[in-house]
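In the numbering used here, the protein residues as written are 37 to 195.
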């Protein structure tokens, strides 16, 4: 994941409600799996395993946050367990196991949760976070992107 992607996710997480946060976790899982796939293709098995373990951490977060009061929780847990087993096998075999199926399952679940999240009108989970302002400025020969976190004292002209 690039530095720009990380910054984008930091902003999204700060502004997310419960539903959006679940979607973000799915997205981060899928990014980790893409990174693992790339690393294994390059022959960097240690790097690939690192990304599989990252994906495993995101999956554990999804498993731990499952609300068992709802009927859908048990079938979701079975899907999560299947994905978890494939990730464990991938680490043990030092190559991705059933990664296309795993990513397909998680992509479909992400899409379903994204639809549900659209109906979630609750407030963001994080309170009292910094406001982030973004804009473009003109440089001598380029267009520059600027991010300000609201509490920076160097805005504007200084004499």
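Backbone N, C-alpha and C define an ideal beta-carbon position, used for all residues, glycine too. Values in this document were obtained by computation on a predicted structure and should not be read as measured data.
C-beta atoms of residue i and residue j nearer than 8 Å
i, j, result
"residue 59", "residue 146", "yes"
"residue 148", "residue 123", "no"
"residue 61", "residue 97", "yes"
"residue 66", "residue 142", "yes"
"residue 81", "residue 130", "yes"
For residue i, three-class secondary structure by DSSP
i, result
"residue 80", "coil"
"residue 74", "helix"
"residue 156", "coil"
"residue 141", "helix"
"residue 133", "coil"
"residue 68", "helix"
Where residue i falls, given that 16 or more other Cβ within 10 Å makes a residue buried
i, result
"residue 103", "exposed"
"residue 119", "buried"
"residue 56", "buried"
"residue 95", "buried"
"residue 164", "The predicted model places residue 164 with a pLDDT of 47, which falls under 50 and marks its position as unreliable; any figure quoted below should be read in that light. Exposed."
"residue 84", "buried"
Beta-carbon separation (whole angstroms), residue i vs residue j, contact threshold 8 Å
i, j, result
"residue 87", "residue 68", "5 Å"
"residue 138", "residue 89", "That belief does not hold up - the Cβ atoms of residue 138 and residue 89 are roughly 14 Å apart, past 8 Å."
"residue 132", "residue 76", "6 Å"
(request) Please list the segments of the alpha helix (DSSP H) lying wholly inside the region 95 to 131, counting only runs of 4 or more residues, in order along the chain. (result) 109 to 129
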